[in-house]
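Using mature numbering (1 follows the signal peptide of the UniProt record, and there is no 0), the letters of the sequence shown correspond one by one to residues -24 to -1, 1 to 36. Structure first, then comments.
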Amino acid sequence: MKKLLLAILAISFTTFTLSSCVHTYETRGNSGKVPPGQMKKRTGSKSAKPYAPGQQKKHY
C-alpha cells in the first residue's frame, strides 16, 4: 500500500512538473523591417532598388 501511494505521488509530481513548463519565443532585431519587394508593392513604385539597403548611395 505504501509503495503504491509513493508511486502515485511520484507520477503525479513528475506530471505536474513537466506540464507546467512554458517556453516563449521572442523575435528581436527584425521588427519593423520590411523586405524591399514588399515596400515596393506598398508604395506602388516600379523598382525595389530605392528600398534595398545594398543599393543605397553613400553620402559622405
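Positions of the beta carbon are idealized from the N, C-alpha and C atoms, including for glycine.
Checklist entry - Are Tyr27 and Lys17 close, meaning C-beta to C-beta below 8 Å? => result Walking along the sequence shown from the start, residue 27 turns up at place 51. Walking along the sequence shown from the start, residue 17 turns up at place 41. No, the Cβ-Cβ distance between Tyr27 and Lys17 is not below 8 Å.
Next on the checklist: Whole angstroms are fine: how far does the CA of Ile(-17) sit from the CA of Thr(-10)?
Outcome noted: As a first step, residue -10 must be located in the sequence shown, where it is residue number 15. As a first step, residue -17 must be located in the sequence shown, where it is residue number 8. Straight-line measurement puts the Cα of Ile(-17) at about 10 Å from the Cα of Thr(-10).
Item to check | Simplified DSSP assignment, three categories, for Ala(-18) | outcome: Here residue -18 refers to the residue found at position 7 of the sequence shown. Here Ala(-18) sits in helix by DSSP.
Item to check | Per-residue DSSP class, three states only, for Tyr1 | outcome: Numbered from 1 along the sequence shown, position 25 holds the residue referred to as residue 1. Correct three-state label for Tyr1: coil.
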